[in-house]
DNA sequence: TCGCTTTAGGCAAGGCTCCTTCCTAAAATG
DNA sequence: CATTTTAGGAAGGAGCCTTGCCTAAAGCGA
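Protein chains in written order, with UniProt numbering: chain A, 1 to 356; chain B, 1 to 356.
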């Protein structure tokens, strides 16, 4: 809206940004190479590198070019560029990674969720990959996340897989900057390359849906967009029923909980038709409200139900393509890592802008 | 993502943008005043104004200051800044306005929809407010709009109020720039100030819903987000039923059409409970999928049903505030006008950036 | 009436950024 | 060992923004 003030400082900070981003891609480069990458002139690059070196943002690596011609000096990002923490929290286990500005995973720890709860385990794995404080953290959690606070929230009639957890508070002394927490289904959707408007349906012990509109996951006011358990749909008997109650009616809940009994569901093919109809009812609401180009289906029983679901949806007046999820290996972690990398790089550029 | 190239030209174009935006607000100003408004120094402003004058973007109005001190020269936007066309199309009538870069409505025409169709009437009203070609047009239409083409689309089992219309094609020879078309409900939602995440439910002859996420109306892949007629909900008899079929079941459709019989609906209070329940079912899907802070309700029978609807929703496990719409006087036109003004101003700044 | 104040605008100098062009140093090549 | 190749530096120039000062002209007040 309001234009930026036209000052010479703006130009030099733009040059710095060019240099830094080029170094993030190249890992190390001489000033002549940077001039080639960025399109800036050699004197401009030299001056910018001089300033950045003075501020500690980049350093002379000590390496020298060995080829024809004069010996060049390699520069790289300084140690102050720091690292980002990436954590994936799920009942099946925790994964923590430390990522540097080059996108390299410099440390990785996997752990089980102990019976004492996820909080201690989170602190442990984060500490294990730490090496000095992180500049920021990105957390994926298999439960609904409050958008404001980053805390996990329990919703009625939904399985609460990880339990109460205030990840920003737990990680506060390990992370200097922001701690971003989001639901694993939202992260998994971000890993998909399915266009600017699509929905991602996750079918596992819990049910999840991510809405991607105009290229971004839309979390809603409190971060609870996509919590579809309470959406009205068609029950096995044809009556209007909330989606979560369909599983109860079909006897597909794990005893004493609201979690879905996945093995039983996969074994009992006869319930698939009723499930497909119920899910199609939910998707009719998705189609009506967010109008996705397609619906990607993932999760432990996503592939099993997909054909039946696709058939039912195809017969509705507003058919939408039903596609299998394409990223199946740690999808949430993959997307969280990419987000952490982008945020880390932005933070480095912003910090350099501050300190010069 | 990719930073802008640091060039001196960037600075001068930024200065020009400051000057132009200040003139859009002030209508006319001396260079000294512009220096005060923008925070730029007097020589910078003088130089920028000189360049903009040469390019025709601003002109000496001929007026002179009359106060103490030296006589100043007033500058204003040049005639090439042009106008934007704003049109509202509804069965109740057409409104066309011409808006200049100051936000003033310089011409306005109201017309009825003739039995021959809306296309000719659109051309007529647009021509009547035209005075040379428009730089862009913004159209609000009371029917679903295809996001790609801007054409009105007919959906099965929905009233098609205006009929087929390709507004961009009809206006092509009156408008030099883009023609933006959107649904009137989406425009009405943009006129509300209800936070960054909310939904707008329009209840009239047709049913409409607008979804605002992260501060923007989200239109979906084809522009059909919010077409809620086919969402499954609770029918009068408790069975799962599409929302549009609820009106059929209650005998609230105008004979031979899929349009809602609003007078009959307003007269028959006994059907309100069933309607409220059906709408609440749809809102449960809205809450689940887009998680709005609140739902604003507008339209001819919005106020009538609001208390009953609010009661039913309050009793659900995921209650959401139900609020009346705040803008009731030409809400769609108001928002379309604001959008046109913003786009016109951006276009002027962009054009100046090109031509200097 | 006349000097003072006030105000728009111009001018000059200085600082900074970027660029192009040219030069230098040093390593590999033949 | 001369030539080629390449990183880096130096010089000069152009453009933009700023501060500070000056000028012109209109109103104000004695």
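Yeah, the Cβ is synthetic: ideal placement off N, Cα and C, and Gly gets one too.
In this structure residue 165 (chain A) is not in contact with residue 126 (chain A), their Cβ atoms being roughly 13 Å apart against a cut-off of 8 Å. In this structure, residue 79 (chain A) keeps its C-beta atom at 8 Å or more from the C-beta atom of residue 199 (chain A). Taking C-beta atoms as the reference points, residue 185 (chain B) and residue 197 (chain B) fail to come closer than 8 Å. When the beta-carbon positions are compared, residue 20 (chain A) and residue 29 (chain A) stay at least 8 Å from each other. Contacts between residue 18 (chain A) and chain B, judged by CB atoms closer than 7 Å, involve 3 in chain order.
Ranking A:15, A:137, A:277, A:239 by CA distance to the CA of residue 333 (chain A) puts A:137 first. The Cβ atoms of residue 16 (chain B) and residue 52 (chain B) lie closer than 8 Å to each other.
In this structure, the alpha-carbon of residue 251 (chain A) lies about 29 Å from that of residue 319 (chain A). With respect to chain A, the C-beta atom of residue 272 (chain B) has no partner C-beta closer than 8 Å. Between residue 77 (chain A) and residue 58 (chain A), the CB-CB gap stays under 8 Å. Around the beta carbon of residue 288 (chain A), 16 or more other beta carbons sit within 10 angstroms, so the residue counts as buried. DSSP places residue 183 (chain A) in the strand class (E or B) of the three-state scheme. Residues of chain B with a Cβ closer than 7 Å to the Cβ of residue 238 (chain A) are, in chain order, 239, 240.
Around residue 182 (chain B), the same chain offers 145 as residues with beta carbons nearer than 6 Å, after the five sequence neighbours per side are excluded. Taking 8 Å as the CB threshold, residue 26 (chain A) stays off the interface with chain B.
Of all residues in the segment 282 to 297 of chain B, the ones placed with a Cβ closer than 9 Å to any Cβ belonging to chain A are 282, 284, 285, 286, 287, 288, 289, 290, 291, 292, 293, 294, in chain order. The secondary-structure analysis by DSSP pairs residue 97 (chain B) across a beta bridge with B:86, B:108. Residue state for residue 160 (chain B) is assigned as coil, using DSSP reduced to three classes. Residues 266 of the same chain have their beta carbon placed closer than 7 Å to that of residue 304 (chain B), with the five preceding and five following residues left out of the count.
Looking only at B:237, B:216, B:337, the smallest Cα-Cα distance to residue 107 (chain B) is reached by B:337. Interface criterion met: the Cβ of residue 233 (chain B) is under 8 Å from a Cβ in chain A. Residue nearest to residue 177 (chain A) within the set A:135, A:209, A:98, A:143 is A:135 (criterion: CA-CA distance).
Per DSSP, residue 47 (chain B) is one residue of the alpha helix (DSSP H) stretching across 42 to 55. Sequence-distant partners of residue 306 (chain A) (beyond 5 residues in either direction) whose C-beta falls short of 8 Å from its own C-beta, in its chain, are 297, 322, 324. For residue 148 (chain B), no beta strand (DSSP E) run applies, since DSSP gives it neither H nor E. Residue pairing from DSSP places residue 201 (chain A) in a beta bridge opposite A:209, A:297.
Within the segment 320 to 356 of chain B, the complete alpha helix (DSSP H) runs of at least 4 residues fall at 331 to 354.
At least one beta carbon of chain B lies nearer than 8 Å to the beta carbon of residue 222 (chain A).
For residue 59 (chain A), the enclosing beta strand (DSSP E) stretches over residues 58 to 64. Checking the DSSP bridge columns, you'll see residue 19 (chain A) has no partner listed. Contact annotation: residue 101 (chain B) and residue 355 (chain B) have beta-carbon atoms that are not nearer than 8 Å. Secondary structure at residue 38 (chain B): helix, using DSSP grouped into helix, strand and coil. Boundaries of the alpha helix (DSSP H) harbouring residue 123 (chain A): 118 to 129, taken from the DSSP string. Using a CB distance cut-off of 8 Å, residue 211 (chain A) counts as an interface residue toward chain B. Residue pairing for residue 242 (chain B): DSSP places it in a beta bridge opposite B:232. Around the beta carbon of residue 82 (chain A), 16 or more other beta carbons lie within 10 angstroms, which makes this residue buried.
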